[in-house]
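Structure, as structure tokens:
Protein chains in written order, with the working numbering: chain A, 1 to 543; chain B, 544 to 662.
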């Protein structure tokens, strides 16, 4: 390592200038008075409950899925057997994100890609195979549906299968995602509904869950997807709350759901935990502080159960390196540590092979083991908010919140969160950071081990990407033909017609979507309705 | 520049495009494109170099590469993205230069200059 000059200014990832040490005088006055509160008390930055992880260990919750629904089912059971405490059902991006069936020409043109990032689920029959034997009532299931236009299908299919198996929806725990940051910022699709219908879908899901699935987390805003696209930690916070107020303002406008209940529904979010892990821990603390302040000041909500933000966290995929992939086990551990110092309730650790492919079975197991070692061996779960009261951590927490509110205001000045997605303003901010991050590596200001320094790799272990199975496309094609041939055609046609009518009106689409699932309407048919009714979002980025 | 898959993560191709433009290249970005789109663009725009962002199965990229090579045998191609070491060897066997994650932008720009001067 080169000796660095000590008089050069040093900045955190959020652009906050760092001192070489901190004292009590550095903590902003306004924060100092609040900082001493116990976890679970206003202003909530110290965590969700005084007993913290003693009473409730964080959930081990890994992204998982590939191939055919039965391949995904097998992997999820493997993870559960290895100690995962919730499960996530990933859907194939080619079909799911676009609401295409496998016979769509754009999918056929890339048939080998099908199943690489999740199982292909085109009808409730496929979802039933994927869910076979999974503990949907006693565990915490993630039905998939990360992309907004896909969520109503993914959720309704999951709920329909659960219902068919005799589970009571009124008691069913779980979540989907329907994340705007993924859909319209981080990972745009070739064809997708515009942002306004997207907002309507999410409000429909919130309403439907309020009525029928009170234990379900209807939407989950993912700061992760903004951060891994390039936004800095302060911007990730600002954008997340700018997104949250779009949902809550829409619910308030509709007046159909009690706003406090809606705020609770929107208060299960996800963040990225990146490699600068002390700043990341401060980010989680700042997030809780900001959420409680936002609810009180903007909506007059003070109920502690609602004001306590619930955080799922995923370690930064983009920080996992292609070179010397076993180093990523260390990176995953450190990023997880930051999340845990930040008191998150749920955590996924990226696989060490993240830069190459979706996780192999072994990489997946390592991600679970990292979390188990933290939980069981380190003693970190014994004391809540172990960094609380640190001059540096309290100062940075307060500074991050302040900077994040500035970004939140900038977004409001641009016309609000949806406007910044539609105009490409957010994409431009992310792209600027991406480029800067790249240049820092390029000119050596940021050393990344194995990538731009210490490049000799003498590892005896060869890590090649995990490519799943090679029959996902063929099996999905056969199953699609089978469902179209054997379902009750009249019922399917009538359910699809009702869904289209509800899409065209302002009726909540979820009841019709549930009917469509029971009638075995397929994903691509639903996508065709969306394309017809809502048209295509005008993507503001060129790629 | 094109993405062979239907996965819209755009960090990689946009950073590379920016670096190439900064170096004086005109870059035509056609986004998520299938084999026919890529061949049509390579021919109609009379490009000097094709850049592929590969995010999925290598067979999809190989199909695009072989089709471009049939249409314009002399046209150089380079590729980046999540390409495993084994898949990289397959592309290199087709004469395609591979720049996996972690590659330096200067190396990519130098390659673009070298590949376009060669003709």
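Note that beta-carbon positions come from the ideal geometry of N, C-alpha and C, so glycine has one too.
With 9 Å set as the bound, which would you pick, yes or no: does the beta-carbon of residue i sit closer than that to a beta-carbon of chain A?
i, result
"residue 603 (chain B)", "yes"
"residue 558 (chain B)", "yes"
"residue 662 (chain B)", "Interpretation of residue 662 (chain B) is limited by its pLDDT of 43, a score under 50 that renders its predicted location unreliable; no figure is taken from the coordinates."
"residue 551 (chain B)", "yes"
"residue 633 (chain B)", "no"
"residue 587 (chain B)", "no"
"residue 653 (chain B)", "no"
"residue 583 (chain B)", "no"
"residue 574 (chain B)", "yes"
"residue 630 (chain B)", "yes"
"residue 554 (chain B)", "yes"
"residue 612 (chain B)", "no"
Taking 9 Å as the CB-CB cut-off, is residue i touching chain B?
i, result
"residue 543 (chain A)", "yes"
"residue 227 (chain A)", "no"
"residue 548 (chain A)", "Not covered by the structure: residue 548 (chain A). The range shown for chain A is 1 to 543."
"residue 431 (chain A)", "yes"
"residue 347 (chain A)", "no"
"residue 232 (chain A)", "no"
"residue 357 (chain A)", "yes"
"residue 194 (chain A)", "no"
"residue 435 (chain A)", "yes"
"residue 239 (chain A)", "no"
Give the DSSP-derived three-state secondary structure of residue i in the structure shown.
i, result
"residue 400 (chain A)", "helix"
"residue 429 (chain A)", "helix"
"residue 119 (chain A)", "strand"
"residue 620 (chain B)", "strand"
"residue 1 (chain A)", "The pLDDT assigned to residue 1 (chain A) is 48, lower than 50, so where the model puts this residue is not dependable; a value taken from the coordinates is nonetheless given after this. DSSP places residue 1 (chain A) in coil when its eight states are reduced to three."
"residue 539 (chain A)", "coil"
"residue 221 (chain A)", "coil"
"residue 376 (chain A)", "helix"
"residue 260 (chain A)", "helix"
"residue 99 (chain A)", "coil"
"residue 468 (chain A)", "coil"
"residue 315 (chain A)", "strand"
"residue 435 (chain A)", "helix"
Tell me the DSSP bridge mates of residue i?
i, result
"residue 310 (chain A)", "A:268"
"residue 142 (chain A)", "A:88, A:175"
"residue 575 (chain B)", "B:546"
"residue 417 (chain A)", "Answer by DSSP bridge pairing: none, since residue 417 (chain A) is not bridged."
"residue 596 (chain B)", "B:546, B:623"
"residue 59 (chain A)", "A:346"
"residue 10 (chain A)", "A:18"
"residue 273 (chain A)", "A:315"
Hey, residue i and residue j: beta-carbon distance below 9 Å or not?
i, j, result
"residue 342 (chain A)", "residue 384 (chain A)", "no"
"residue 605 (chain B)", "residue 648 (chain B)", "no"
"residue 310 (chain A)", "residue 268 (chain A)", "yes"
"residue 465 (chain A)", "residue 350 (chain A)", "no"
"residue 492 (chain A)", "residue 520 (chain A)", "yes"
"residue 108 (chain A)", "residue 476 (chain A)", "no"
"residue 144 (chain A)", "residue 90 (chain A)", "yes"
"residue 560 (chain A)", "residue 382 (chain A)", "Here chain A covers residues 1 to 543 and nothing more, so residue 560 (chain A) does not appear."
"residue 593 (chain B)", "residue 634 (chain B)", "no"
"residue 467 (chain A)", "residue 546 (chain B)", "no"
"residue 495 (chain A)", "residue 114 (chain A)", "no"
"residue 224 (chain A)", "residue 102 (chain A)", "no"
"residue 544 (chain B)", "residue 570 (chain B)", "yes"
"residue 319 (chain A)", "residue 251 (chain A)", "no"
"residue 304 (chain A)", "residue 41 (chain A)", "yes"
"residue 643 (chain B)", "residue 631 (chain B)", "yes"
"residue 239 (chain A)", "residue 168 (chain A)", "no"
"residue 263 (chain A)", "residue 295 (chain A)", "yes"
"residue 595 (chain B)", "residue 607 (chain B)", "yes"
"residue 578 (chain B)", "residue 597 (chain B)", "no"
Restricting to Cα atoms, I'd like to know which of the options is closest to residue i.
i, options, result
"residue 64 (chain A)", "A:49, A:47, A:86", "A:86"
"residue 111 (chain A)", "B:602, B:572, B:544", "B:602"
"residue 24 (chain A)", "A:339, A:394, A:209", "A:394"
"residue 19 (chain A)", "A:446, A:454, A:485, A:392", "A:392"
"residue 403 (chain A)", "A:9, A:15, A:123", "A:15"
"residue 378 (chain A)", "A:485, A:416, A:333", "A:333"
"residue 524 (chain A)", "A:88, A:124, A:470", "A:124"
"residue 176 (chain A)", "A:250, A:217, A:306", "A:217"
"residue 588 (chain B)", "B:599, B:552, B:611", "B:611"
"residue 658 (chain B)", "B:560, B:551, B:620", "B:620"
"residue 279 (chain A)", "A:148, A:364, A:401, A:541", "A:401"
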